[in-house]
Each structure stands twice: as C-alpha cells, then as structure tokens.
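Numbering (full-length UniProt numbering), first residue to last: 1 to 335.
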C-alpha cells in the first residue's frame with residue numbers, strides 16, 4: 001500500500017481540456033507526474049476518444065518543442081508518459097493523492113460548483129486547491145470550497161507550458177502559508193508567480209485587453225494597418241516592455257510625461273480612455289516623478305543611478321539582439 005501511494009501523482013489538473021493539458025505538460029516537463037482528470041462520466045468509446053485526443057495534443061506540443069531544438073526528440077515520449085489520464089471512476093483515488101489541485105472546468109458557476117463538490121469530497125485537508133478561471137473572482141469561488149483558507153485562483157497564460165508567469169489571486173481568508181507554499185511549488189517547476197488582489201482581469205488580461213481594443217480601434221478608424229500596428233508593437237512597444245516592466249517604464253521616463261501625454265490624448269482622442277488616474281496627478285503634485293526625482297512608484301534613494309541606467313540599456317540591447325535588429329556601427333571613411 002505504501003508503494004502504491006508513492007506511485008500516485010502529487011499534482012492533479014481537473015478538466016482535460018486545453019488548459020488542463022497545458023498545465024500537465026508544464027509539470028511533466030519539470031520532471032513531475034501529474035493526473036489529468038476528466039470528471040464527466042463517459043462511455044468506454046467516448047472516454048477512449050477523449051484520452052486519445054488529449055494524448056495526441058500533449059505529444060504534438062512536446063514534438064513542437066523538439067522541432068525547435070528545446071528538447072531532444074527522444075524526450076517526447078518519457079515526458080508525455082508522466083501525464084496520467086484519469087477518468088471519472090478513478091478520479092477519487094487521484095484527488096486523494098494530490099497536494100496541489102488545479103480546477104480547469106468550463107467557465108460557469110454550475111460547472112465550478114459541480115467540480116468542487118468532487119474535489120471537496122475526495123481531496124485531503126492539507127491539499128492546496130486552485131481554480132484556473134479567467135473570469136470568476138476568487139471571492140465568488142471561495143464559498144464553494146471546503147476549508148477555503150487553502151484556496152486561491154491561479155491564472156495561467158497560454159501556452160501554459162511556455163509562458164513563465166502565473167497570476168495568483170487570493171481572497172481575504174487565504175492562508176499566508178498556503179500562498180507561500182503555492183509560490184514555492186510553482187517556482188520549483190520554473191514558473192514566475194505574481195500576486196494580485198481579487199479584482200477582475202488579474203494583471204495581464206486587464207492590461208492586454210486595453211492594448212488589443214485600442215489596436216482594433218486604430219484599424220477601425222484607419223489610423224494604421226494591422227501590419228504596421230503589429231510591427232510597432234513587436235519592435236517598439238513590446239520590445240521596450242520586455243526590457244522594463246510597465247510601472248518601471250513610467251518611473252524611468254517620468255510620471256510627468258505620462259501625466260502630460262494623457263492630458264493631450266484625453267483632449268484630442270477620448271477623455272474616457274485617456275484621462276490619467278488620480279494617483280498620477282497626485283504624484284506629479286508631490287514631485288514624485290520617478291528616477292529623475294529620486295522617487296516615484298519605486299524608491300531610488302541610495303541607488304546607483306548610472307549603474308541602473310546601464311542595466312536598463314543592457315536589457316534593451318539584449319531584446320534588440322534577440323530580435324535580430326541590432327546593427328554594428330557603420331565603418332565608413334569620409335571621402
């Protein structure tokens with residue numbers, strides 16, 4: 001019995017769809033076994049069809065990494081084999097063994113309630129329970145969970161096995177030790193957990209929705225073509241924000257720059273979209289302009305500013321080199 005328990009997966013993804021498969025790959029890639037659980041009772045033929053589809057997608061995703069030289073082709077099979085596909089009948093056993101569970105069923109409260117009824121019934125008391133929901137607040141879901149202090153939302157970015165950031169959203173009752181343990185487990189598989197409050201859109205979706213809507217609006221208005229917008233975002237906006245975080249970028253350029261730019265665009269384009277939040281005006285009034293004033297969203301007191309600027313330049317040059325856009329200086333003799 002002890003050997004049987006040791007052979008079971010420490011991790012479980014409930015919901016065998018796209019997100020569950022991506023999470024399973026992330027753990028399998030990091031060397032862990034994980035149960036990919038389908039809670040819906042199915043006939044033998046339907047289960048075999050889902051099982052084959054999930055297995056094929058997992059192997060295809062890993063083969064894609066092999067084709068790009070990330071892993072050797074010989075590793076595809078062993079990594080894929082770490083994902084155990086579990087049907088409804090075997091779900092109780094897999095859930096009972098898991099120390100970290102990801103709920104990833106369809107985005108309805110009915111589906112979530114049904115899934116957590118199973119999870120509550122079979123998971124042990126010290127298991128961390130998470131939902132991968134992109135649209136339902138952690139405060140709404142906490143009431144569905146037995147022992148809600150061990151519950152939080154965990155939003156993965158697609159493809160889940162590639163993008164390092166996972167967004168952790170806690171409710172007021174989430175135990176601090178549970179959050180710390182969750183972060184440690186995610187860091188163990190190479191992820192970068194970021195923590196946010198119980199607010200719609202997490203961090204990344206909230207920011208990217210504004211950018212994507214504005215890009216579509218510019219096409220609608222005839223301001224620029226899709227091709228030109230994508231070139232500008234890949235090698236301008238995106239490249240800069242890959243080198244500096246958004247808030248770091250505000251401080252680096254100066255909060256007053258954002259303040260004035262927002263004022264001009266709110267007057268010429270749309271006040272609803274471009275009026276700066278009150279915090280920006282308050283910081284300008286207080287002289288907290290960022291790097292140039294010694295404080296902004298970050299505190300720069302005691303920092304070697306020259307070294308910091310070199311670091312930012314180094315990061316930016318690194319992104320340029322990666323994009324293949326950095327050129328050596330021209331060596332021309334004046335004639």
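For glycine and all other residues, C-beta sits at the position ideal for the given N, C-alpha and C.
Using a Cβ-Cβ cutoff of less than 8 Å, which residues in the same chain neighbour residue i once the five nearest sequence positions on both sides are dropped?
i, result
"residue 149", "173, 174, 175, 178"
"residue 194", "165, 166, 167, 168, 203"
"residue 114", "39, 105"
"residue 30", "188, 189, 190"
"residue 241", "249"
When you compare each of the options to residue i by their alpha carbons, which one comes out closest?
i, options, result
"residue 141", "169, 88, 161", "169"
"residue 323", "77, 251, 243", "243"
"residue 189", "321, 152, 34, 14", "34"
"residue 254", "273, 288, 156, 278", "288"
"residue 280", "292, 296, 152", "296"
"residue 198", "191, 153, 181, 207", "153"
"residue 91", "13, 65, 147, 136", "13"
"residue 146", "135, 117, 319", "117"
"residue 82", "329, 228, 9, 249", "9"
"residue 85", "109, 78, 69, 48", "48"
If you draw a straight line from the C-alpha of residue i to the C-alpha of residue j, how long is it?
i, j, result
"residue 301", "residue 308", "12 Å"
"residue 126", "residue 225", "53 Å"
"residue 62", "residue 111", "29 Å"
"residue 101", "residue 209", "28 Å"
"residue 264", "residue 230", "24 Å"
Take residue i and list the residues in its own chain whose beta-carbon comes closer than 7 Å to its own, dropping the five residues that flank it on each side.
i, result
"residue 276", "258, 259, 262"
"residue 124", "96"
"residue 415", "No statement about residue 415 is possible, as the shown extent of the chain runs from 1 to 335 and does not include it."
According to DSSP, is residue i helix, strand or coil?
i, result
"residue 27", "helix"
"residue 280", "helix"
"residue 196", "strand"
"residue 6", "Note that residue 6 scores a pLDDT of 48, beneath 50, so its modelled location is shaky; the value from the coordinates is reported in the next line. In this structure, residue 6 counts as helix in the three-state DSSP scheme."
"residue 128", "strand"
"residue 44", "helix"
"residue 1", "For residue 1, the predicted model reports a pLDDT of 37, less than 50, meaning its position is unreliable; a value from the coordinates is still stated below. Reduced to three states, the DSSP call for residue 1 is coil."
"residue 160", "coil"
Whose C-beta lies closer than 6 Å to the C-beta of residue i among residues of the same chain, with five residues either side of it excluded?
i, result
"residue 36", "13, 16, 20, 24, 83, 85"
"residue 315", "243"
### Task
Would you mind listing the alpha helix (DSSP H) stretches within the segment 80-118 that are 4+ residues and don't spill past its ends, in chain order?
Note on the segment 80-118: whole alpha helix (DSSP H) runs with a minimum of 4 residues are 91-97, in chain order.
### Message
Going residue by residue through the segment 210-274, where are the continuous alpha helix (DSSP H) segments of at least 4 residues, counting only ones entirely within it?
### Response
Here the runs fully enclosed are 226-232, 238-243, 246-253, 255-268, 271-274.
### Task
Only counting runs of 4 or more residues, tell me where the alpha helix (DSSP H) segments fall wholly within the segment 278-332, in order along the chain.
278-285, 305-323
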